[in-house]
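Below is one structure, written out as structure tokens; the observations come after it.
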Amino acid sequence: MEKKKFQKIYVEITNICNLNCKFCPVDNRKKEYIAAEDFEYVLSQIKDYTDLIALHVKGEPLVHPDLEKLLLLCEKYDIKVNITTNGTRINELRELLAKAKAVRQLNVSIHSINENEFFLEDDRDNYLEDVLEASNYILNNSNIIISYRLWNLNSLEENEENYKILKYLSGKYNRPDLINEAKKNLFVKLDENCFLNQDFEFKWPDINDEIISEIGKCWGLKKQIAILVNGEVVPCCLDQNGIISLGNIYDDPLEKILTSDLAEKIKRGFDENKLIHPLCQRCEYIQKFKN
Numbered sequence: 000m001e002k003k004k005f006q007k008i009y010v011e012i013t014n015i016c017n018l019n020c021k022f023c024p025v026d027n028r029k030k031e032y033i034a035a036e037d038f039e040y041v042l043s044q045i046k047d048y049t050d051l052i053a054l055h056v057k058g059e060p061l062v063h064p065d066l067e068k069l070l071l072l073c074e075k076y077d078i079k080v081n082i083t084t085n086g087t088r089i090n091e092l093r094e095l096l097a098k099a100k101a102v103r104q105l106n107v108s109i110h111s112i113n114e115n116e117f118f119l120e121d122d123r124d125n126y127l128e129d130v131l132e133a134s135n136y137i138l139n140n141s142n143i144i145i146s147y148r149l150w151n152l153n154s155l156e157e158n159e160e161n162y163k164i165l166k167y168l169s170g171k172y173n174r175p176d177l178i179n180e181a182k183k184n185l186f187v188k189l190d191e192n193c194f195l196n197q198d199f200e201f202k203w204p205d206i207n208d209e210i211i212s213e214i215g216k217c218w219g220l221k222k223q224i225a226i227l228v229n230g231e232v233v234p235c236c237l238d239q240n241g242i243i244s245l246g247n248i249y250d251d252p253l254e255k256i257l258t259s260d261l262a263e264k265i266k267r268g269f270d271e272n273k274l275i276h277p278l279c280q281r282c283e284y285i286q287k288f289k290n
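The sequence shown begins at 0 in numbering that gives the first Met the number 0 and counts up one residue at a time.
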């Protein structure tokens, strides 16, 4: 079987979120949900380019009112799905998620509880209990991978914000060594198909920031692209405002968009270790790419 062009395509099904995390900057776009018929059109355009989609750029995918219908469409087009969620609705939707044949992985950003005034002390405990209850149900009733994300690290030294979370996970998964192990390793297996995934906090690129570098390369347009909820196609999942719009998938076929002058210029730049677009020159991920 011929390998498809992209490892993953981000398809933002909504830019609406039920939380207001410090980690996510406010975008300046109209708030909306993708319609099921538009989502199917997008799938028809991307099915020859990838076998895997992620249902976000910004927004909380589990608040989409037609989520079940969207997941059935992914199954129809034989496309696997990764879902990244803040976890607030995972218990409510656990049966839907467990039976969804298209879902490959659930990434639960449990660092959300450290970034919201919404979570009082009692709310934190209830949230973690709900997330783990839902996760255990899903793990016992499907082959879905669960990844608990703590993407808020400054270093691998003890993080006071995360200490209570790690202590909670340690008890629930009978892992007394978890806190020490988490100081040494970013990725820790907790159980079968269940993992702790830590990473260092990064800043979303902003066109108004100072230039970081004009030299570098990226997986954008190489291993991934992103499609915003309004149909704008951008090179990667960090272009939250569609600054590098290559075209709109509802106006032009994806093939035409990916071979546009701007797309080709950006790809050539990456090949030559040059950051062509001003947004790329302000992206901290370029530094991560070097590591």
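The beta carbon of each residue, even a glycine, is placed where N, CA and C say it ideally should be. All of these numbers come straight from a predicted model, not from anything done at the bench.
If you draw a straight line from the Cα of residue 188 to the Cα of residue 158, it is about 19 angstroms long.
For the pair residue 245 and residue 228, the CB atoms are not nearer than the 8 angstroms cut-off.
Secondary structure note for residue 9: its beta strand (DSSP E) is the uninterrupted segment 7-10. Counting the other Cβ atoms within 10 Å of the Cβ of residue 17 gives fewer than 16, which makes it exposed. Per the Cβ contact rule, the segment 137-147 is in contact with the segment 94-105 (3 or more Cβ pairs under 8 angstroms). Closest option to residue 26, judged by alpha-carbon separation, among 269, 265, 213 and 237: 237. Per DSSP, the unbroken alpha helix (DSSP H) holding residue 41 starts and ends at 35-45. Between residue 82 and the set 184, 75 and 63, the nearest pair of CA atoms involves 63. In the three-state scheme derived from DSSP, where H, G and I count as helix and E and B as strand, residue 136 is classed as helix. Residue environment for residue 170: exposed (fewer than 16 other C-beta atoms within 10 angstroms of its C-beta). Check the Cα spacing between residue 42 and each of 89, 225 and 173: the tightest is with 225.
DSSP places residue 91 outside both helix and strand once states are collapsed to three, so it counts as coil. Note on the segment 207-257: whole alpha helix (DSSP H) runs with a minimum of 4 residues are 253-257, in chain order. Counting the other Cβ atoms within 10 Å of the Cβ of residue 34 gives fewer than 16, which makes it exposed. The Cβ atoms of residue 269 and residue 221 lie closer than 8 angstroms to each other.
Residue 230 is positioned such that its CB atom lies no closer than 8 angstroms to that of residue 256. Counted as a single uninterrupted DSSP element, the alpha helix (DSSP H) harbouring residue 72 occupies residues 66-75. Counting the other CB atoms within 10 Å of its CB gives residue 13 a total of 16 or more, which places it among the buried residues. Rounded to whole angstroms, residue 152 and residue 66 show a C-alpha spacing of 31 angstroms.
Under DSSP, residue 286 takes part in no beta bridge, so it has no partner.
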